[in-house]
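Q:
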Amino acid sequence: MKSRTVKRLVTGLFVTATCAGAYPAAQATDAPSIARGKYLAEIAACNDCHTPGYMEAAGKVPTELWLTGDSLGWYGPWGTTYAPNLRLYMQKLDEDQWVTIARNLQTRPPMPWFNVNMIEENDLRSLYRFVRALGPAGQPAPAYLPPGQVPPKPYIEFPADPGS
Ligand code: HEC
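So the sequence shown is numbered by the working numbering: it starts at 48 and just counts up by one.
1) Would you say the beta carbon of TRP121 comes nearer than 7 Å to a heavy atom of ligand 1?
2) Identify whether GLY84 lies in helix, strand or coil by the three-state DSSP scheme.
3) Could you check which residue in PRO99, LYS200, ILE203 has the C-alpha nearest to that of GLN186?
4) Looking at C-beta atoms only, is the number of pairs between the segment 145-160 and the segment 194-202 that lie closer than 8 Å three or more?
5) Name the two residues that bound the continuous alpha helix (DSSP H) containing GLU142.
6) Tell me which residues share the same chain as MET102 and place their Cβ nearer than 6 Å to its Cβ, disregarding the 5 neighbours each side in the sequence.
7) Using the DSSP secondary-structure output, state which residues sit across from TYR202 in a beta bridge.
8) Just grab the DSSP bridge partners of PHE128 for me.
9) When you compare only the Cα positions, how much space is there between ALA188 and THR128?
10) Roughly how far, in whole angstroms, is the beta-carbon of LEU133 from the beta-carbon of LEU114, given that I think they are within contact range, below 8 Å?
11) From the DSSP output, which residues share a beta bridge with LEU192?
12) I'd like to know if TRP125 contacts chain B, where contact means its C-beta is closer than 8 Å to some C-beta of that chain.
13) Looking at the secondary structure, which residues open and close the alpha helix (DSSP H) in which ARG155 lies?
14) Confirm the yes/no value for this check: CB of MET165, any heavy atom of ligand 1, distance under 7 Å.
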């Protein structure tokens, strides 16, 4: 084997090993855009819970209905939560307020607030711009119910102790 080939092989192996071991941080995204916000609403799963019937319809819900909240209850030891109407919610915030809220968001289950805390700033801005571009629509979701109060149907019941 020629020495140049060996060198390339060794360099290649070294690069592969470094990348695999270090899990380099995600690259910064492009400038905020409405199009990216739409993409994020889909792939970051916001629609899955905040858009009525989205999971059941395998995502085939008209964009006008996206993120208008859902009356499906999430019933568990925390009480019953409902995915709020983000179309109305965003109307009350300006973009910078949303970025601050999203960074510090903490809610009851099953909202993955810990994932939202990690969304990169430009992506938060994209999400906001997309929701604002859609404009206000729909009704507020039902109000939260305290633990032990059985909600009206439809609801999804979580096991009291998922570990058992
Ligand atoms: C598994 C279902 C689910 C997914 C996925 C989900 N949410 Fe939620 N979300 C909820 C529920 C349920 C609540 C209400 C929690 C509560 O009442 O404490 C909520 C609450 C929120 C709130 C708080 C609103 C307020 O009034 O304070 C924001 C903001 C939010 N979600 C944004 C998002 C965004 C952005 C995404 C996508 C990145 C997302 N959610 C994905 C279910 C979900």
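The C-beta atom is built at its ideal place from N, Cα and C for all residues, glycine as well.
A: Result, derived from the coordinates:
1) In this structure, TRP121 has its beta carbon less than 7 Å from a heavy atom of ligand 1.
2) Three-state result, GLY84: helix.
3) Relative to GLN186, the option among PRO99, LYS200, ILE203 whose CA is nearest is PRO99.
4) As far as the Cβ criterion goes, the segment 145-160 does not touch the segment 194-202, which means the pair count is below three.
5) Note, GLU142: alpha helix (DSSP H), 142-151.
6) Listed in chain order, the non-local C-beta contacts of MET102 below 6 Å within the same chain comprise ASP95, local neighbours out to five positions each way being set aside.
7) Paired residue(s): GLY120.
8) Residue identity differs from the one stated: residue 128 is Thr in this sequence, not Phe. DSSP output for THR128 lists TRP121 as bridge partner(s).
9) Their Cα atoms are separated by approximately 9 Å.
10) So it is a contact: roughly 4 Å between Cβ atoms.
11) According to DSSP, LEU192 bridges with THR127.
12) No chain B is present in this structure, which holds just one protein chain.
13) Segment: none, ARG155 is in no alpha helix (DSSP H) and carries neither H nor E.
14) Outside the cutoff, so no.
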